[in-house]
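Sequences listed follow chains A and L, in order.
Residue 713, in my numbering, is where the first sequence stops; the numbers in between run on with no holes.
Residue 199, in my numbering, is where the second sequence stops; the numbers in between run on with no holes.
This report concerns only the one structure given below.
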Amino acid sequence: MKELLINKLKEKFQDFIEEIIDYSNELTFVISKNKILDVCYFLKNNEDLKFDYLVDICGVDRFKKENRFEVVYNIWSEKLKYRIRLRVKVDEKDLQLDSVTSIWKSADWYERETYDMFGIVFLNHPDLRRIYMPEEFEYFPLRKDFPLIGIPDSLPLPRRN
Amino acid sequence: MGLESYLNGEGFFTTRVNDLLKWSRTNSLWPMPMATSCCGIELMSFAGPRFDVARFGSEVFRMSPRQSDLMIVAGTITYKMAKVVRKIYDQMPEPKWVIAMGACASSGGMFRSYSVVQGIDQFVPVDVFVSGCPPRPDSVIKALLDIQAKLKKEPISKYY
């Protein structure tokens, strides 16, 4: 299974796979940022792979100078009964990334969550708004430099009178 | 002789209007269950047959704020929910009272976090805080009795 996957992907995206991680019997591919849409399209539509279920998309803040953020795609193939992860490194200076909503519709809310919590902007997303925090909130709470207790007065409360 | 003979056997009693109104009010507090999390389960138990708040006249849980005069805030209140709680509080007719039930409503509890209000007294006036995570129904009954005691002390003219 692993060989099949690695070969299939390498055959097509040799130059865009930055790293292949095989940890605890689970495969993770680190993909170049500008190729994520093509890789996802291939994984979803290839007859032998058919990764048809997007389980989750989440963000990671590594808090480094370069490639501070990561976006992790957790996908499952009903045909192969196999789960892989895709990771994309996103730099703080260029927080834009292609949306995969055109491939998996369920990506809509996951990408909104990632945008809400980390401020990563998904291009061509149909409705990129905050999902948990109020619309007027200005910060991104899951970033490492955001204080746990929040920023005073950033969220308005009703007046007590 | 006089009034006594006149009213003999008719079953009268005399009192003051103030006391009568206070008595009826203290024993008919209608709660508005503002239950957002696990405290809500204890609140149901508080109203159920085992702890039976009907003994104190508060069994009529009203889902409409227009018909209730005691808001029991049971559970974690986030900043987003705070607006809703305040709106419901504003819709309740005067006079009204608030119980902050449990650690979350009183102080944010274990959620020392950017999204949770650290105590609902920041945006609604609270009469009684109940400790516990969640509090036992007995503690909520105690809080209700505290509200009743408070009511008995206040002159009725405060509200009219």
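We put the CB at the ideal spot given by N, CA and C, even for glycine.
For the candidate residues R151(L), A188(L) and C172(L), whose alpha-carbon lies nearest to that of I701(A)? R151(L)
Using CA coordinates, which residue listed in P194(L), F100(L), Y153(L) and Y128(L) is at the minimum distance from S67(L)? F100(L)
By Cβ distance, which residues of its chain are closer than 6 Å to W628(A), with the 5 residues on each side in sequence left out? Y605, V607 and R635
Between the alpha carbons of L589(A) and F615(A), how many angstroms are there, rounded? 25 Å
Measuring only between beta-carbons, confirm whether S154(L) sits less than 9 Å from chain A. Residue-level contact check: S154(L) touches chain A, since one or more beta carbons of chain A fall below 9 Å from its beta carbon.
Between D166(L) and chain A, is the shortest Cβ-Cβ distance under 9 Å, so that the two count as touching? D166(L) does not count as touching chain A.
Tell me which same chain residues have a C-beta within less than 7 Å of the C-beta of I683(A), skipping the five on either side of it? A distance below 7 Å between beta-carbons, with the five flanking residues on each side excluded, links I683(A) to the following residues of its chain, in chain order: W661, R664, E665 and D668.
What is the residue span of the beta strand (DSSP E) that F603(A) lies within? No beta strand (DSSP E) contains F603(A), which DSSP labels as neither H nor E.
Quick check on DSSP: helix, strand or coil for L632(A)? Coil at L632(A), not helix or strand.
At least three beta-carbon pairs within less than 8 Å, the segment 85 to 99 of chain L to the segment 153 to 168 of chain L: Not touching, per the Cβ criterion.
Answer yes or no: do C610(A) and V624(A) have a C-beta to C-beta separation smaller than 9 Å? yes
Following the continuous alpha helix (DSSP H) through V155(L), name the residue where it begins and the one where it ends. Per DSSP, V155(L) belongs to no alpha helix (DSSP H) and is neither H nor E.
Whole-angstrom C-beta distance between V612(A) and Q648(A), which should lie under 8 Å: Here Q648(A) is actually not in contact with V612(A); their C-beta atoms are around 17 Å apart, not less than 8 Å.
Between the CA atoms of Y691(A) and F670(A) - distance to the nearest angstrom: 9 Å
Span of the alpha helix (DSSP H) holding P686(A)? Note, P686(A): premise wrong, no alpha helix (DSSP H); not H, not E.
C-beta atoms of T117(L) and V165(L) nearer than 9 Å: no
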